[in-house]
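Engineer: Input: one structure, supplied below.
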Amino acid sequence: MSSDQYFDDDPTVPSNPLTVDVTLPDTAFTMETDRGVFSHGHLDTATSLLLRAELPLAAAGTLLDLGCGAGPIALTMARRSPAATVWAIDVNARARDLCARNAERNGLDNIVVAHPDEVPADLRFATIWSNPPIRVGKQALHDLLLTWLGRLSPDGHGALVVQKHLGADSLQRWLIDHGFATERVASKSGFRLFTLTLQHHEDQR
Numbered sequence: 534m535s536s537d538q539y540f541d542d543d544p545t546v547p548s549n550p551l552t553v554d555v556t557l558p559d560t561a562f563t564m565e566t567d568r569g570v571f572s573h574g575h576l577d578t579a580t581s582l583l584l585r586a587e588l589p590l591a592a593a594g595t596l597l598d599l600g601c602g603a604g605p606i607a608l609t610m611a612r613r614s615p616a617a618t619v620w621a622i623d624v625n626a627r628a629r630d631l632c633a634r635n636a637e638r639n640g641l642d643n644i645v646v647a648h649p650d651e652v653p654a655d656l657r658f659a660t661i662w663s664n665p666p667i668r669v670g671k672q673a674l675h676d677l678l679l680t681w682l683g684r685l686s687p688d689g690h691g692a693l694v695v696q697k698h699l700g701a702d703s704l705q706r707w708l709i710d711h712g713f714a715t716e717r718v719a720s721k722s723g724f725r726l727f728t729l730t731l732q733h734h735e736d737q738r
C-alpha cells in the first residue's frame, strides 16, 4: 500500500515504536524508530556504511541530512560537529516528529528538523549527507538531488549511499554529467558510497 511508504507525507500505517542503540567508532546514541519511517527497528546497512566511513564533515556552519527519517545521520553529524547547525529534512511528518524527539532524547540542540519547504531558499550547506529515497523513482530522485546538492557551498562536500542494484553506478555517471565531481569511496554489502563536490564552482565565481 502506498500509505506504508516511508516517503509518504503522512503515513497511516499504525505506529509501533521500537528503540535502537547505535554504536559507532567515535560515538553512540539511542534512537526511537517507528513503522511508516525508513529502517524500522534497526540501523540499516547503507546508513551504517555512511556513518562508519571517514568522510569530510564541516566542523561549523550549516549541514544537511537529506531525507532524515528517524535521524541517525543528523544525530551523528550533530555529535561530531557540535559547533555546526544540522538541518534534518523529510517530507514524512512521522519521520520529522521522530527525528525531533531523538535529538531531544540525546540532548542535541544543534539540529533543526524541517519539511523541505521550510528551509530558507538562500541557505547553503557546507556538508550534505544522505541515504536518498531511491524508490521514489528516477525522475523524482534526480529532481531531489539537483535541488539539494546544488545548494552545496562552493567548497562543500556531499556523501550519498546507494544500493548497487538500484542504479548506483548509473547515478554516479548522472551526477558527474550534471556538474558534481563524484567519487566512489566505499562499497559493501551491495551498496556504494559516493563523495561529491561542485565540479565547476571555480568557473562560476
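Heads up: take any position in the sequence shown, counting from 1, add 533, and you land on the numbering used here.
We put the CB at the ideal spot given by N, CA and C, even for glycine.
1. So the beta strand (DSSP E) S686 belongs to, where does it begin and stop?
2. What whole-angstrom Cβ distance do G747 and L551 have, given they're in contact under 8 Å?
3. With H, G and I counted as helix, E and B as strand and the rest as coil, what does DSSP make of T560?
4. From W707, H675, M564 and E651, pick the residue whose C-alpha is nearest to that of N635; which is it?
5. Consult DSSP for E637 and reduce its assignment to one of helix, strand or coil.
6. Is the CB-CB distance between L597 and N664 below 8 Å?
7. Taking the alpha-carbon of R740 as reference, which of R725, S548, V718 and G723 has the nearest alpha-carbon?
8. Per DSSP, K721 is paired with what?
9. Might you give, ordered along the chain, the residues of its own chain that have their beta carbon closer than 6 Å to the beta carbon of R783, omitting 5 neighbours on each side?
10. For E716, which residues from the same chain have a beta carbon less than 8 Å from its beta carbon, with the 5 sequence-adjacent residues on both sides left out?
11. Let me make sure I understand the geometry here. Which of A654, D702 and I644 has the alpha-carbon closest to that of V683?
12. Can you tell me the Cα-Cα spacing of A586 and D543, whole angstroms?
13. I'd like to know if the region 644-663 and the region 596-616 are in contact, where contact means that at least 3 CB-CB pairs between them fall below 8 Å.
14. Between A617, I606 and A561, which lies nearest to S572 when the distance is taken from Cα to Cα?
15. Can you tell me whether L599 is helix, strand or coil according to DSSP?
16. When the Cβ atoms of the region 706-725 are set against those of the region 608-623, are three or more pairs found closer than 8 Å?
17. Within the same chain, show all residues whose beta-carbon is closer than 6 Å to that of F562, passing over the 5 residues directly before and after it, in chain order.
18. Are there 16 or more other CB atoms within 10 angstroms of the CB of G670, so buried, or fewer, so exposed?
19. How far does the beta strand (DSSP E) with I622 in it extend, from its first residue to its last?
20. Please classify R613 as buried or exposed, where buried requires at least 16 neighbouring CB atoms within 10 angstroms.
21. By Cβ distance, which residues of its chain are closer than 6 Å to D704, with the 5 residues on each side in sequence left out?
22. What is the residue span of the beta strand (DSSP E) that I644 lies within?
Structural biologist: Reading from the atomic positions:
1. L685 to Q696
2. The first residue shown for the chain is 534 and the last is 738, placing residue 747 beyond what the model contains.
3. Residue state, collapsed to three classes: coil.
4. M564
5. helix
6. no
7. Nothing can be reported for residue 740, as the shown portion of the chain is limited to 534 through 738.
8. BP columns for K721 point to F724.
9. No answer is possible for residue 783: the residues shown for the chain start at 534 and end at 738.
10. Only F727, T728 and L729 meet the Cβ criterion.
11. Going by the sequence as given, residue 683 is Gly instead of Val. Comparing Cα positions, the closest option is A654.
12. 32 Å
13. yes
14. Looking only at A617, I606 and A561, the smallest Cα-Cα distance to S572 is reached by I606.
15. Strand, per DSSP.
16. No: fewer than three Cβ pairs fall under 8 Å.
17. V555, L608 and N639
18. exposed
19. A616 to I622
20. With 16 or more Cβ atoms within 10 Å of its Cβ, R613 is classed as buried.
21. Before going further, note that residue 704 is Leu rather than Asp in the sequence given. Result list for L704: V695, in chain order.
22. I644 to A647
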